[in-house]
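> Got a structure for you, questions after.
4 protein chains.
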Amino acid sequence: MVNILSSGNSILNQYIAELRDAEIQKDSLRFRHTLERLGGIFAYEISKSLIYETREVITPLGIANVPMLVEYPVLATILRAGLPIHNGLLNFFDKSDNAFISAFRRHHKDGTFSISIEYASVTDIDDKVVILCDTMLASGSSMVLAYKELITHGKPKHTHIVATVASAEGVDYIRKNLPQQDITIWVGVVDEEMTAQSYIVPGLGDAGDLAYGKKH
Amino acid sequence: MVNILSSGNSILNQYIAELRDAEIQKDSLRFRHTLERLGGIFAYEISKSLIYETREVITPLGIANVPMLVEYPVLATILRAGLPIHNGLLNFFDKSDNAFISAFRRHHKDGTFSISIEYASVTDIDDKVVILCDTMLASGSSMVLAYKELITHGKPKHTHIVATVASAEGVDYIRKNLPQQDITIWVGVVDEEMTAQSYIVPGLGDAGDLAYGKKH
Amino acid sequence: MVNILSSGNSILNQYIAELRDAEIQKDSLRFRHTLERLGGIFAYEISKSLIYETREVITPLGIANVPMLVEYPVLATILRAGLPIHNGLLNFFDKSDNAFISAFRRHHKDGTFSISIEYASVTDIDDKVVILCDTMLASGSSMVLAYKELITHGKPKHTHIVATVASAEGVDYIRKNLPQQDITIWVGVVDEEMTAQSYIVPGLGDAGDLAYGKKH
Amino acid sequence: MVNILSSGNSILNQYIAELRDAEIQKDSLRFRHTLERLGGIFAYEISKSLIYETREVITPLGIANVPMLVEYPVLATILRAGLPIHNGLLNFFDKSDNAFISAFRRHHKDGTFSISIEYASVTDIDDKVVILCDTMLASGSSMVLAYKELITHGKPKHTHIVATVASAEGVDYIRKNLPQQDITIWVGVVDEEMTAQSYIVPGLGDAGDLAYGKKH
Numbered sequence: 001m002v003n004i005l006s007s008g009n010s011i012l013n014q015y016i017a018e019l020r021d022a023e024i025q026k027d028s029l030r031f032r033h034t035l036e037r038l039g040g041i042f043a044y045e046i047s048k049s050l051i052y053e054t055r056e057v058i059t060p061l062g063i064a065n066v067p068m069l070v071e072y073p074v075l076a077t078i079l080r081a082g083l084p085i086h087n088g089l090l091n092f093f094d095k096s097d098n099a100f101i102s103a104f105r106r107h108h109k110d111g112t113f114s115i116s117i118e119y120a121s122v123t124d125i126d127d128k129v130v131i132l133c134d135t136m137l138a139s140g141s142s143m144v145l146a147y148k149e150l151i152t153h154g155k156p157k158h159t160h161i162v163a164t165v166a167s168a169e170g171v172d173y174i175r176k177n178l179p180q181q182d183i184t185i186w187v188g189v190v191d192e193e194m195t196a197q198s199y200i201v202p203g204l205g206d207a208g209d210l211a212y213g214k215k216h
Numbered sequence: 217m218v219n220i221l222s223s224g225n226s227i228l229n230q231y232i233a234e235l236r237d238a239e240i241q242k243d244s245l246r247f248r249h250t251l252e253r254l255g256g257i258f259a260y261e262i263s264k265s266l267i268y269e270t271r272e273v274i275t276p277l278g279i280a281n282v283p284m285l286v287e288y289p290v291l292a293t294i295l296r297a298g299l300p301i302h303n304g305l306l307n308f309f310d311k312s313d314n315a316f317i318s319a320f321r322r323h324h325k326d327g328t329f330s331i332s333i334e335y336a337s338v339t340d341i342d343d344k345v346v347i348l349c350d351t352m353l354a355s356g357s358s359m360v361l362a363y364k365e366l367i368t369h370g371k372p373k374h375t376h377i378v379a380t381v382a383s384a385e386g387v388d389y390i391r392k393n394l395p396q397q398d399i400t401i402w403v404g405v406v407d408e409e410m411t412a413q414s415y416i417v418p419g420l421g422d423a424g425d426l427a428y429g430k431k432h
Numbered sequence: 433m434v435n436i437l438s439s440g441n442s443i444l445n446q447y448i449a450e451l452r453d454a455e456i457q458k459d460s461l462r463f464r465h466t467l468e469r470l471g472g473i474f475a476y477e478i479s480k481s482l483i484y485e486t487r488e489v490i491t492p493l494g495i496a497n498v499p500m501l502v503e504y505p506v507l508a509t510i511l512r513a514g515l516p517i518h519n520g521l522l523n524f525f526d527k528s529d530n531a532f533i534s535a536f537r538r539h540h541k542d543g544t545f546s547i548s549i550e551y552a553s554v555t556d557i558d559d560k561v562v563i564l565c566d567t568m569l570a571s572g573s574s575m576v577l578a579y580k581e582l583i584t585h586g587k588p589k590h591t592h593i594v595a596t597v598a599s600a601e602g603v604d605y606i607r608k609n610l611p612q613q614d615i616t617i618w619v620g621v622v623d624e625e626m627t628a629q630s631y632i633v634p635g636l637g638d639a640g641d642l643a644y645g646k647k648h
Numbered sequence: 649m650v651n652i653l654s655s656g657n658s659i660l661n662q663y664i665a666e667l668r669d670a671e672i673q674k675d676s677l678r679f680r681h682t683l684e685r686l687g688g689i690f691a692y693e694i695s696k697s698l699i700y701e702t703r704e705v706i707t708p709l710g711i712a713n714v715p716m717l718v719e720y721p722v723l724a725t726i727l728r729a730g731l732p733i734h735n736g737l738l739n740f741f742d743k744s745d746n747a748f749i750s751a752f753r754r755h756h757k758d759g760t761f762s763i764s765i766e767y768a769s770v771t772d773i774d775d776k777v778v779i780l781c782d783t784m785l786a787s788g789s790s791m792v793l794a795y796k797e798l799i800t801h802g803k804p805k806h807t808h809i810v811a812t813v814a815s816a817e818g819v820d821y822i823r824k825n826l827p828q829q830d831i832t833i834w835v836g837v838v839d840e841e842m843t844a845q846s847y848i849v850p851g852l853g854d855a856g857d858l859a860y861g862k863k864h
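Protein chains in written order, with the numbering used here: chain E, 1 to 216; chain F, 217 to 432; chain U, 433 to 648; chain V, 649 to 864.
Dropping the structure here:
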C-alpha cells in the first residue's frame with residue numbers, strides 16, 4: 001500500500017514546498033528542522049496503525065484507563081540523508097530502538113552507478129514493526145538494499161517505508177522488489193521524473209548535501 | 217464541532233497516558249516536551265482545515281507546483297499552563313503571530329473562585345483563523361473569558377479551541393457560552409468528572425504546577 | 433557585578449549579530465531559536481557560580497563520585513519578550529521552578545510612558561537563587577519593577593539578571609535601583625544609545641514583535 | 649592540550665552525573681537530550697578559540713559593528729554513539745558542514761578486538777578547523793582511526809577532539825598517536841580505569857546502546 005500524505009492538504013505541504021525552494025533550503029538549520037517536523041508527522045500517521053492496550057494509570061487525582069503502545073517500532077535509517085527525518089521519528093517514538101545503514105553510490109566511468117551497503121548497526125528486529133526512512137526515494141535501490149540488509153538481522157512483523165520526496169519510478173521499484181504484504185509505503189509527495197543520475201525532478205536536489213554539506 | 221483525538225488510537229494516547237502518570241510526570245522536562253509534541257499533533261490536525269494555494273517553487277532541478285498555506289493562524293494561549301502546548305503549536309506553525317492571555321483563579325473564603333483576565337498581549341486577529349490553546353479545559357470559564365478578551369481585539373474568521381485534557385462539563389460550557397458556528401473544539405481526551413475545586417478527575421493534576429513548579 | 437559576555441569572542445557574538453540583522457530576523461523561527469541558544473549559554477555561565485555537592489552515582493560498571501547541583505535556581509521571566517530566552521534557560525536547568533511576570537508599557541499622550549505589573553505567577557523564591565531574564569534591558573524600569581514584584585513573594589539568596597542586549601543607561605539604572613550585593617548582571621552586549629521611546633540603538637528593534645508578532 | 653571541562657563546576661557536571669546514573673539513563677530521550685546539551689557546551693567552549701571578524705550589521709534602528717565567525721568548523725562524528733553529541737554541536741554551529749565515520753569493533757575469538765573504518769562520508773576539510781566528536785573515548789583507537797581517515801580527505805588547520813567521558817589511557821593514546829600541535833582535546837571527565845573489553849570504569853556503560861538500543 002502506498003500512502004501519499006500530500007494528497008490531502010496539511011502543513012506537510014508547506015514543509016515540502018520549503019524543502020524544495022532553492023532559496024529557503026540555503027538555511028540548513030531550517031532544512032533539517034523541517035525534515036524533523038516531517039518525521040513527527042510520519043510518526044503520528046504510522047502510529048495510528050500500531051497496537052495499543054488499555055492499562056490503568058494512577059494520576060494525582062484518580063485512576064485512568066488509557067491506551068498505551070504495546071511495543072515501539074524499530075526506527076531504521078539510511079545514512080546520511082535519512083538522519084534528520086530519523087531524528088524526527090525518534091522524537092515522537094522516544095523509546096524506540098534504532099538501526100543505521102549506509103548505502104553508498106559508486107559512480108562508474110560509463111556514467112552508471114551501483115549501490116552497496118558498507119555499514120549496518122542494527123538492533124534486534126525479529127518480529128518487530130520497523131520504520132525504514134530516507135529523505136528521498138529516487139531509483140529505490142538504496143531502500144531495497146537497506147531492506148535486504150535489515151532482514152539478514154531478523155524477520156520484521158511489518159515494515160513501513162518512509163520517504164519525504166519519492167519518484168514514481170522509485171515507488172514502482174519498491175513495489176516490484178519487496179514483498180507487498182510485508183511493507184507499507186509512506187511518502188510526502190511523488191514526482192514524475194528522474195535525471196539519468198537518478199535525481200528526482202523537480203525534487204529538491206541532494207538532500208544529504210543540503211542537510212550536512214557537500215561531500216568531498 | 218468537538219474533535220476528540222483520542223477516539224482513534226495514535227501515539228497521542230501514549231502521550232496522554234504519560235502526562236497523567238503520577239510517576240512519569242515528576243520529570244518536568246518530559247512533561248513539557250510531551251505537551252510540545254501534542255501541540256505538534258494538534259497543529260497538524262488543524263492544519264488540514266486551513267486554506268492552501270498552489271504556487272510555483274523553483275527547486276535546484278526544476279519547477280514544482282506546490283500547495284502552500286495562504287495564511288498562518290494566530291496562536292493564542294492562556295498563561296501559564298498553556299505555554300508548553302503553545303510552544304508545540306508554534307514549532308509547527310513557525311510563521312504565526314501570537315497572543316498571550318492570563319486568566320487568574322481568585323479563591324474566595326467560601327471555597328468558590330472566580331476567574332479574571334489580568335494580562336493580554338494580542339496580535340491583530342481581525343479576519344484571522346485563531347487557535348486558542350490551554351493544557352486543561354476544566355470548568356471552561358478561563359477559556360470562555362480568554363475568548364471574550366480575544367474578540368475585543370478583532371473578529372476572527374474562525375477559532376479553534378485546543379485542550380489536552382477536558383472535562384465533559386467544560387466542553388458543554390464552551391458549547392453553551394460561545395457561538396458554535398465560530399468555533400471548533402479539539403481535545404485530546406474527555407474525562408467525566410470534576411472536583412469541587414474544578415480539577416478534572418482522573419485528569420492529571422495541576423498542569424501549570426507540573427510544567428513550571430508550584431505557585432507561591 | 434556586570435558580566436558582558438560579548439567582551440570575549442564566542443559563538444554568542446555570532447548569535448547577537450544574527451538577532452540584530454534586519455534581514456535575518458525576519459525568520460522568527462530562527463530568531464526565537466537563537467534566543468533559546470543564548471539562554472543555554474547564559475545558563476551555563478551562571479551555573480559556574482552555583483553550589484555543587486559530590487554524590488555517589490551507581491553506573492552500570494561501578495560507582496562514580498560526581499558533583500551535582502544542590503539546588504536548581506528559580507527561573508523568572510518578563511512577558512512576552514523574555515519567553516524565548518526563558519525557554520533556553522529552562523532547557524539547561526530542566527528541574528527549575530519558574531516565575532512569569534508581565535510588565536506593561538502604558539504610553540501617555542505626552543509621549544512618555546509608565547510601566548506597571550499586571551500579572552505575576554511566582555513560585556516560592558525564598559532563600560533561592562533566582563535568574564530573572566528578559567531579552568532587552570532598555571530603560572531598566574521593567575526589570576526593576578519585576579524584581580520588586582518578585583521580592584514581595586520572598587527573599588532570594590541572590591538574583592542573576594539576564595538580558596541579551598542592554599543599554600548602558602539600563603545597566604546603570606539597575607545598579608542604582610537594586611541592592612548591588614544581592615544581584616549580578618549578565619548581558620550579551622551593551623549598546624550606548626536609546627531613543628526617546630526607550631528603544632536601544634542600534635539594538636535589534638522590538639524583540640517581542642520579532643519573536644511573536646506585532647501587538648494589536 | 650587537554651581541556652577537562654568538569655575540572656571547574658558547572659551544569660556540565662550535573663549532566664555527566666545523570667548520564668552515568670544507571671536509573672536515570674533508562675530514559676533514552678533524556679540520555680540523548682543531555683548529550684545534545686553537552687554538545688552545546690562543548691561548541692560554546694571551542695567557539696572561544698575560533699576566529700571572528702567585525703562586520704557591519706544593519707538593525708531596524710541603526711548600524712552595529714559586530715564580531716562574526718569567519719568560518720564555521722567542520723563537525724565530524726563517529727557512528728553511532730557520537731550522533732547525539734554531534735546533534736548538539738550542530739545545533740550551536742548551525743552552518744557547519746559535516747562528516748560521518750563509522751568505526752567498528754571486530755571481536756576476535758581470543759577476547760581481543762580490532763577496530764576498522766567501514767563508512768566515511770566526509771565534506772571538504774582542507775584548511776578547515778575540524779571538531780571530531782564521540783561520546784566516549786575509551787581505548788582511543790576509534791578516535792585515532794577516525795582522525796586518520798579524516799586526513800585522507802584533506803589537511804585540517806586544526807582539529808578539536810571531543811568526548812564526554814574519557815579514560816586516562818585513551819587520552820594518553822591520543823596524545824601519543826596524533827600530532828600534538830595539530831589537535832586540542834576536550835573532555836567532560838576523565839576516568840582512571842578500563843575493563844579488559846575497553847569499557848571505561850566507572851564510565852556510563854555502552855553509550856550507543858543507551859542512546860539507540862542494543863545492537864543485534
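Glycine included, C-beta positions come from ideal geometry on N, C-alpha and C. Here the structure is a predicted model, which is why all the values come from computation and not from measurement.
(1) Any idea what DSSP makes of Glu666 of chain V, helix, strand or coil?
(2) Compute the beta-carbon to beta-carbon distance between Asp558 of chain U and Lys587 of chain U, rounded to the nearest angstrom, for a pair I have assumed lies under 8 Å.
(3) What are the boundary residues of the beta strand (DSSP E) that Val2 of chain E is part of?
(4) Please name the residue in U:Lys480, U:Thr491, U:Asn530, U:Ser460 whose C-alpha comes closest to that of Leu852 of chain V.
(5) Quick one: which chain E residues come within Cβ less than 8 Å of Arg462 of chain U?
(6) Count the other CB atoms, across all protein chains shown, that sit within 10 Å of the CB of Asp623 of chain U; report buried if there are 16 or more and exposed otherwise.
(7) For the beta strand (DSSP E) holding Gly39 of chain E, just list the boundary residues, first then last.
(8) When we look at the beta-carbon of Asp669 of chain V and count the other beta-carbons within 10 Å, is it buried (16 or more) or exposed?
(9) For Phe308 of chain F, report the span of its alpha helix (DSSP H) as first-last.
(10) I believe Ala315 of chain F touches Leu366 of chain F by the beta-carbon criterion, under 8 Å. Please report the beta-carbon distance rounded to the nearest angstrom.
(11) Could I get the ranges of all uninterrupted alpha helix (DSSP H) runs contained in the stretch 765 to 817 of chain V, with 4 residues as the minimum, in chain order?
(12) Shorter than 8 Å from the beta carbon of Arg391 of chain F to some beta carbon of chain E?
(13) Measuring CB atoms only, is the stretch 460 to 471 of chain U touching the stretch 517 to 527 of chain U, in the sense that at least three cross pairs come out at less than 8 Å?
(14) Less than 8 Å between CB atoms is the rule here; does Leu420 of chain F satisfy it with respect to chain E?
(15) Within 10 Å of its beta-carbon, does Ala168 of chain E have 16 or more other beta-carbons around it, so buried, or fewer, so exposed?
(16) Do the stretch 712 to 720 of chain V and the stretch 437 to 450 of chain U touch if we need at least three Cβ pairs shorter than 8 Å?
(17) Could you give the distance in angstroms between the alpha-carbon of Leu564 of chain U and the alpha-carbon of Lys373 of chain F?
(18) Return the CA-CA distance between Ala43 of chain E and Thr184 of chain E, expressed in angstroms with no decimal places.
(19) Please list, in chain order, the chain E residues whose beta carbon lies closer than 7 Å to that of Asp748 of chain V.
(20) Once you ignore the five residues that flank Glu766 of chain V on each side, which residues in its own chain have a CB closer than 6 Å to its CB?
(21) Between which residues of its own chain and Leu361 of chain F is the CB-CB distance below 8 Å, once the five residues before and five after are set aside?
(22) So, at 6 Å on beta carbons, what are the nonlocal neighbours of Ala814 of chain V in its own chain, with the 5 sequence-adjacent residues on each side left out?
(23) Provide the residue(s) that pair with Lys647 of chain U in DSSP beta bridges, ordered along the chain.
(24) Within 10 angstroms of its Cβ, does Gln673 of chain V collect 16 or more other Cβ (buried), or is it exposed?
(25) Does Asp172 of chain E come out as helix, strand or coil in the three-state DSSP assignment?
(26) Measure the C-alpha to C-alpha separation of Thr164 of chain E and Leu5 of chain E and round it to an integer number of angstroms.
(27) On the DSSP letters alone, give me the boundaries of the beta strand (DSSP E) that Thr486 of chain U sits inside.
(28) Looking at Pro721 of chain V and Lys776 of chain V, is the spacing between their C-beta atoms short of 8 Å?
(29) Can you check which of these residues, V:Gly788, V:Asp820, V:Val810, V:Ala859, is closest to Tyr847 of chain V by C-alpha distance?
(30) Ser678 of chain V: which of V:Lys862, V:Leu858, V:Leu731, V:Leu660 sits nearest, CA to CA?
(31) Does Asn281 of chain F come out as helix, strand or coil in the three-state DSSP assignment?
(32) Alpha carbon to alpha carbon, what distance is there between Asp313 of chain F and Glu45 of chain E?
(33) Please classify Ser546 of chain U: does DSSP put it in a helix, a strand, or coil?
(34) Quickly, what does DSSP pair His323 of chain F with across the bridge? List them, please.
(35) Over the uninterrupted beta strand (DSSP E) stretch that includes Gly188 of chain E, give me the two end residues.
Answer, in terms of the structure:
(1) In this structure, Glu666 of chain V counts as helix in the three-state DSSP scheme.
(2) Cβ atoms of Asp558 of chain U and Lys587 of chain U come within 8 Å of each other, at about 6 Å.
(3) Residues 2 to 4.
(4) Among U:Lys480, U:Thr491, U:Asn530, U:Ser460, the Cα nearest to that of Leu852 of chain V belongs to U:Thr491.
(5) Contact annotation for Arg462 of chain U against chain E: Asp27, Leu29, Arg30 [CB-CB distance below 8 Å, chain order].
(6) Asp623 of chain U is classed as buried because its beta carbon has at least 16 other beta carbons within 10 Å across all chains shown.
(7) Following the DSSP letters along the chain, one finds Gly39 of chain E in no beta strand (DSSP E) but inside the alpha helix (DSSP H) bounded by residues 28 to 47.
(8) Label assigned to Asp669 of chain V: buried.
(9) For Phe308 of chain F, the enclosing alpha helix (DSSP H) covers residues 299 to 308.
(10) Confirmed, Cβ separation roughly 7 Å.
(11) Counting only runs of 4 or more, we get 789 to 798.
(12) Not an interface residue.
(13) Under the three-pair Cβ rule at 8 Å, the stretch 460 to 471 of chain U counts as touching the stretch 517 to 527 of chain U.
(14) Yes, Leu420 of chain F counts as interfacial toward chain E.
(15) Burial call: exposed.
(16) Contact holds: three or more Cβ-Cβ distances are below 8 Å.
(17) Pairing Leu564 of chain U with Lys373 of chain F, the inter-Cα distance amounts to about 38 Å.
(18) About 13 Å.
(19) The identity of residue 748 of chain V in the sequence shown is Phe, whereas the question assumes Asp. Within 7 Å of the CB of Phe748 of chain V, the CB atoms of chain E belong to Leu79, Arg80, in sequence order along the chain.
(20) Ser750, Phe752, listed in sequence order.
(21) Around Leu361 of chain F: Ala319, Ile331, Ser332, Ile333.
(22) Excluding positions up to five away in sequence, the list reads Leu785, Val835, Val838.
(23) BP columns for Lys647 of chain U point to F:Thr339.
(24) Classification of Gln673 of chain V: buried, given that the 10 Å Cβ count is 16 or more.
(25) DSSP places Asp172 of chain E in the helix class (H, G or I) of the three-state scheme.
(26) Using only the alpha carbons, I get a separation of about 9 Å.
(27) Start and end: 484 to 491.
(28) Yes, these two residues count as a Cβ contact at 8 Å.
(29) The shortest Cα separation from Tyr847 of chain V among V:Gly788, V:Asp820, V:Val810, V:Ala859 belongs to V:Gly788.
(30) First, the amino acid is wrong: residue 678 of chain V is Arg here, not Ser. Checking every option, the nearest Cα to that of Arg678 of chain V belongs to V:Leu858.
(31) Correct three-state label for Asn281 of chain F: strand.
(32) Looking at the two C-alpha atoms, the distance is approximately 27 Å.
(33) Correct three-state label for Ser546 of chain U: strand.
(34) For His323 of chain F, which the question treats as bridged, DSSP gives the partners F:Phe329.
(35) In the DSSP assignment, Gly188 of chain E falls within the beta strand (DSSP E) that extends over 183 to 191.
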